[in-house]
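Residue numbers (our numbering): 209 to 319. Just so you know, even glycine gets a beta-carbon here, dropped at the ideal spot from N, CA and C. None of the values given here were measured: they were computed from a predicted structure. Have a look at the structure below before the remarks.
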């Protein structure tokens with residue numbers, strides 16, 4: 209199997225992994241009582257970003273087939289940038305959840 213094919217397959221596998229993680233987070237928050245609507249909206253925005261990444265990856269494949277390596281490189285950077293955006297925002301969401309959880313724990317311990 210050509211290296212190019214392996215790399216593209218791995219890219220699409222990473223999208224599937226990300227999709228499962230987003231779905232799991234969304235399911236967990238949906239089951240939680242009083243889940244913050246803003247957080248759910250942020251997670252839903254990840255789904256849109258993931259769809260954009262898939263679209264960019266399809267274009268990347270077309271450019272790779274045509275041998276347009278400048279566009280391949282550009283699309284890789286765009287896909288990586290979107291992944292970084294999701295990662296950084298998810299970290300912020302998790303940090304906020306930990307602060308919220310700590311406040312709840314302190315409140316419970318004072319009761």
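Proximal residues to residue i (C-beta, below 7 Å), its chain only, five neighbours per side dropped
i, result
"residue 247", "237 and 301"
"residue 280", "268, 271 and 272"
"residue 286", "264"
Integer Cβ distance of residue i from residue j, believed to fall under 8 Å
i, j, result
"residue 265", "residue 220", "7 Å"
"residue 297", "residue 250", "6 Å"
"residue 230", "residue 255", "6 Å"
Nonlocal neighbours in the same chain, by C-beta distance under 8 Å from residue i, ignoring five residues either side
i, result
"residue 243", "237"
Neighbourhood of residue i by C-beta, 6 Å cutoff - its chain only, sequence neighbours within 5 removed
i, result
"residue 235", "none"
Discussion item. Measuring CB atoms only, is the segment 253 to 260 touching the segment 282 to 294, in the sense that at least three cross pairs come out at less than 8 Å?
Written reply: Result yes; three or more Cβ-Cβ pairs closer than 8 Å.
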